[in-house]
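Heads up: the structure comes next, in structure tokens.
Residue numbers (the working numbering): 2 to 84.
Take a look at the structure:
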């Protein structure tokens, strides 16, 4: 994950449509001119000014979704057995 310099850079990425995280488990998304926060099974939205005021001391990272495929399990699942 790419570490962001400060809250202003995080807001800039959010406005560009990217997803930002502070620990890899929580997500911050910009939609409808508000910041949607997804954390530990909860979801709420904040005004941009409130988000900056509350989270200005947090360290943010650009969220990168990675899909990990276990080739051995995949092979076993799709293997065809002739009887």
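All C-beta atoms in this analysis are idealised placements derived from N, C-alpha and C, irrespective of residue type, glycine included.
Using 10 angstroms around the beta-carbon of residue i, count the other beta-carbons present and answer buried if the total reaches 16, otherwise exposed.
i	result
residue 5	buried
residue 73	exposed
residue 45	exposed
residue 15	buried
Report the residue from the options whose alpha carbon sits nearest the alpha carbon of residue i.
i	options	result
residue 64	72, 37, 27 and 8	27
residue 50	18, 34, 43 and 44	34
residue 40	48, 52, 22 and 31	22
residue 60	24, 47, 67 and 48	24
Is the beta carbon of residue i sitting closer than 8 Å to the one on residue j?
i	j	result
residue 2	residue 56	no
residue 53	residue 20	no
Report, in whole angstroms, the separation of the C-beta atoms of residue i and residue j, which I expect to be a contact under 8 Å.
i	j	result
residue 31	residue 38	Not really, about 11 Å apart at Cβ, beyond 8 Å.
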